[in-house]
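Numbering (this note's numbering), first residue to last: 365 to 763.
Cβ coordinates follow ideal geometry from the N, Cα and C atoms, glycine included.
Below you'll find the structure, written out as structure tokens, and then a few comments.
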Ligand SMILES: [Zn+2]
Ligand SMILES: [Zn+2]
């Protein structure tokens with residue numbers, strides 16, 4: 365448990381994380397980090413098994429902590445009933461002779477080796493089985509390592525359901541820096557979303573009286589700035605840069621646990637990104653990487669805030685937005701220079717996503733502000749025009 369006193373309205377913040385290790389060679393420390401567990405159940409997929417699972421399994425075996433492992437071989441893009449069922453079913457050797465007078469043959473810890481789906485599925489299995497879980501990250505690709513909500517695919521759509529947060533987060537930089545390049549871009553893109561997220565949170569504080577914590581916001585901005593400053597080194601798979609991104613995920617994940625809501629990790633950019641993602645899921649298409657969707661939505665929301673800065677007469681609002689303009693400009697420059705791939709380029713799809721985002725979630729953001737001012741429709745159309753134009757010129761630039 366991490367806890368500290370704060371001068372915000374909560375007075376004290378707590379998070380149920382027992383420990384984390386983000387360093388080169390971190391997996392070698394697993395026996396020490398997980399010393400309270402003796403029957404570890406490792407879950408990976410074929411890719412993450414190759415990247416880290418095989419090594420992790422070996423370390424667990426050598427230290428007498430290994431219980432069972434499951435290597436999923438399906439192409440799973442989002443957790444679904446089948447994945448969850450398999451994880452629960454294979455928690456114990458199906459051929460093992462049972463002895464009802466013996467101690468429970470179940471594992472005492474689930475260890476997820478992966479980043480997106482594997483981690484999300486284990487979080488859910490952990491919650492449903494009442495077992496603690498830990499995660500060894502294999503890609504710095506998304507900010508969900510420490511969150512409790514789990515995306516889940518069912519009935520042809522996606523929703524977010526309750527899971528547990530991990531007790532330990534382990535990120536071995538030697539493994540993480542070898543992740544596919546687009547996953548690394550997605551990770552930093554997910555972090556960029558914190559800028560619009562923090563501005564939305566400030567907006568909600570001042571225009572709808574929502575709870576706000578200055579300390580947590582400052583920590584998130586600081587972590588995001590580090591990602592932005594060192595981000596160009598992702599090209600060289602610089603371990604320090606990968607570390608910044610992983611620590612950024614940790615800061616935002618902890619922020620969510622500390623405040624009991626997802627404000628420290630997401631704002632309107634995440635809602636718009638989810639709307640685009642849902643459209644793909646419903647059309648039967650595999651969704652894009654979460655962080656890439658968020659990155660593009662961040663650029664879109666930044667355009668909306670810039671329009672608002674130019675057109676509003678509200679001095680306080682201008683002051684709020686102005687603080688974030690240098691961040692927005694730096695993100696746009698990064699996306700162009702690093703050629704961060706856009707996920708939605710069709711103008712109509714962009715607009716549909718923004719409009720759906722307004723009704724998808726009851727959360728005060730720039731979208732609600734614009735709705736209350738009677739400007740939502742107009743801004744959605746104009747911002748989509750600008751982004752679509754920006755993306756098409758950028759594409760032509762590189763042709
Ligand atoms: Zn606070
Ligand atoms: Zn995210």
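In the three-state scheme derived from DSSP, where H, G and I count as helix and E and B as strand, residue 652 is classed as coil.
For residue 658 against residue 634, the beta-carbon gap comes to about 6 Å, under 8 Å, which counts as contact.
Taking non-hydrogen atoms of ligand 2 into account, the C-beta of residue 506 is found less than 7 Å away from one of them. Contact between residue 382 and residue 531 is confirmed by a C-beta separation of about 5 Å, below the 8 Å threshold.
Out of 695, 668 and 694, the CA that lies nearest to the CA of residue 682 is found in 668. Its chain contains 398, 424, 429, 430, 431, 471, 473 and 475 as the residues whose beta carbon lies nearer than 7 Å to that of residue 404, once the 5 sequence neighbours on both sides are disregarded; these appear in chain order. Following the DSSP letters along the chain, one finds residue 553 inside the alpha helix (DSSP H) bounded by residues 545-572. Note on geometry: alpha-carbon atoms of residue 395 and residue 427 lie some 7 Å from one another. Take the alpha-carbon of residue 373 and the one of residue 569: they are about 12 Å apart. Put simply, the backbone Cα of residue 488 is about 45 Å away from that of residue 675. For residue 575, the closest of 562, 543 and 517 by C-alpha to C-alpha distance is 562.
Judged by DSSP secondary structure, residue 515 falls within the beta strand (DSSP E) whose first and last residues are 513-518. Taking a cut-off of 8 Å for Cβ pairs, the stretch 744-760 and the stretch 597-608 do not touch, as fewer than three such pairs fall below it.
Residue 658 has its Cβ nearer than 7 Å to a heavy atom of ligand 2.
The beta carbon of residue 498 sits closer than 6 Å to those of 475, 530, 531 and 532, all from its chain and outside the five residues before and after it, given in chain order. Residue 638: member of the alpha helix (DSSP H) spanning 632-646, first to last residue. Judged by DSSP secondary structure, residue 721 falls within the alpha helix (DSSP H) whose first and last residues are 711-724.
Taking every protein chain shown into account, the CB of residue 593 has fewer than 16 other CB atoms within 10 angstroms, so this residue is exposed.
Taking the Cβ of residue 377 as the reference point, every heavy atom of ligand 2 lies at 7 Å or farther away. Residue environment: residue 684 is assigned as buried (16 or more neighbouring CB atoms within 10 Å of its CB, all protein chains considered). Residue 637 is a Cβ neighbour of residue 654, given a cutoff of 8 Å. Pairing residue 534 with residue 501, the inter-Cα distance amounts to about 6 Å.
Set against 7 Å, the gap from the CB of residue 402 to the closest heavy atom of ligand 2 is not smaller.
Here residue 386 is near residue 607, since their CB atoms are less than 8 Å apart. Residue environment for residue 523: exposed (fewer than 16 other C-beta atoms within 10 angstroms of its C-beta). No Cβ-Cβ contact shorter than 8 Å links residue 554 with residue 729.
Within the DSSP bridge table, the entry for residue 477 names 500 as partners. If you draw a straight line from the Cα of residue 731 to the Cα of residue 445, it is about 34 Å long. Residue pairing by DSSP places residue 444 opposite 517 in a beta bridge.
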